[in-house]
Amino acid sequence: MTQRDVAQVLRVFRDDVQSMHAYAIQDSTGMLKLDAMENPHRLSPELRAELGQRLGAIALN
25 MTQRDVAQVL
35 RVFRDDVQSM
45 HAYAIQDSTG
55 MLKLDAMENP
65 HRLSPELRAE
75 LGQRLGAIAL
85 N
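Okay, structure coming up:
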């Protein structure tokens, strides 16, 4: 990206947004993160079957 490209992109964002700084993220090694949206564990086969039945019954169109 050229400086001109960057300048064009930055024009989209308000000055107050451009002046914001990233927040620091603490190391979470060995911790259980309750705010994360990912779940590394699969649902139980029973729950997957139940969800499949319920979702399959929904009229999407």
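Going by this note's numbering, the first residue of the sequence shown is number 25, and it counts up by one from there.
Backbone N, C-alpha and C define an ideal beta-carbon position, used for all residues, glycine too.
Just so you know, these numbers come straight off a predicted model, no measurement behind them.
Whether residue i touches residue j by CB criterion (8 Å)
i          : j          : result
residue 34 : residue 27 : no
Alpha-carbon spacing of residue i relative to residue j, whole angstroms
i          : j          : result
residue 71 : residue 77 : 10 Å
residue 36 : residue 69 : 47 Å
residue 54 : residue 47 : 21 Å
residue 52 : residue 82 : 39 Å
residue 57 : residue 50 : 11 Å
Chain-order list of residues whose beta-carbon lies under 6 Å from that of residue i (same chain, five-residue window excluded)
i          : result
residue 39 : none
Terminal residues of the alpha helix (DSSP H) in which residue i lies
i          : result
residue 73 : 69–80
residue 29 : 27–34
residue 59 : No alpha helix (DSSP H) contains residue 59, which DSSP labels as neither H nor E.
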